[in-house]
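**Q** Quick one: the structure is below, questions incoming.
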Amino acid sequence: MSDQKRLKVTEVEDVAVVEFKDRKILDDVQIQEIGQEFNDLVEVDKKRSILLNFSHVEFLSSSALGKLISLDKQVKQQDGHLKMSNIRPEIMEVFAITRLNKLFDIKDDVPDALAAFRG
Numbered sequence: 014m015s016d017q018k019r020l021k022v023t024e025v026e027d028v029a030v031v032e033f034k035d036r037k038i039l040d041d042v043q044i045q046e047i048g049q050e051f052n053d054l055v056e057v058d059k060k061r062s063i064l065l066n067f068s069h070v071e072f073l074s075s076s077a078l079g080k081l082i083s084l085d086k087q088v089k090q091q092d093g094h095l096k097m098s099n100i101r102p103e104i105m106e107v108f109a110i111t112r113l114n115k116l117f118d119i120k121d122d123v124p125d126a127l128a129a130f131r132g
């Protein structure tokens, strides 16, 4: 698995479960690094089933949303599946306002999301 500075990746069955190490995802350098790690997950590590666990994330900038959209497109181009879980209500509100809650497959928690990969 490639080197991860901003993300913690664990394998559960054939799903890459990704946790963010940062509580606030705000600055451009940080967001670029996350984008590169997302890219490495798909292009280098060849992950096709990815679960983003937002349990540690308290704040997400609009630039970070762009990286999530890019990751979603990248995964779908590889016939993969991206799911998200544990999104705080204040971040979920941003997803709803931007209608990203319609684009992304969002589950309440990690067990729900893992079950959705199997089902």
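Offset between the sequence shown (1-based) and this note's numbering: plus 13.
All residues carry an ideal CB built from backbone N, CA and C; glycine is no exception.
All values derive from a computational prediction rather than experimental measurement.
Apply the 10 Å Cβ neighbour rule to Val42 and answer buried if 16 or more other Cβ atoms are within range, or exposed otherwise.
**A** The residue in question, Val42, is exposed, as its Cβ has fewer than 16 Cβ neighbours within 10 Å.
**Q** Where does Lys18 land, buried or exposed, given buried means 16+ other C-beta within 10 angstroms?
**A** exposed
**Q** Among Leu116, Val107, Phe72, whose alpha-carbon lies nearest the alpha-carbon of Lys89?
**A** Leu116
**Q** What residue does the alpha helix (DSSP H) around Leu39 start on, and which one ends it?
**A** No alpha helix (DSSP H) contains Leu39, which DSSP labels as neither H nor E.
**Q** Would you please state the rounded distance, in angstroms, between the beta carbons of Val123 and Asn66? I believe it to be under 8 Å.
**A** 6 Å
**Q** Contact defined as beta carbons within less than 8 Å: I believe Ile47 pairs with Val70. What is the distance between those atoms, to the nearest angstrom?
**A** Going by Cβ atoms, the distance from Ile47 to Val70 rounds to 11 Å, so no, they are not a contact pair.
**Q** Could you round the C-beta distance between Leu78 and Leu113 to whole angstroms and report it? I think they count as a contact, below 8 Å.
**A** 7 Å
**Q** Can you name, in chain order, every residue of its own chain whose Cβ lies under 6 Å from the Cβ of Phe108, other than the five neighbours on each side?
**A** Asn114
**Q** With a threshold of 6 Å on Cβ separation, who are the neighbours of Phe130 within its own chain once the five nearest residues in sequence on each side are excluded?
**A** Val28, Ser62
**Q** Is the Cβ-Cβ distance between Glu12 and Leu20 less than 7 Å?
**A** One cannot answer for residue 12 here, as it falls past the ends of the chain, which runs 14 to 132.
**Q** Indicate whether Lys34 and Leu64 have their beta-carbon atoms separated by less than 7 Å.
**A** no
**Q** In chain order, what are the residue ranges of uninterrupted beta strand (DSSP E) at least 3 long that sit wholly in the region 57 to 82?
**A** 62 to 66
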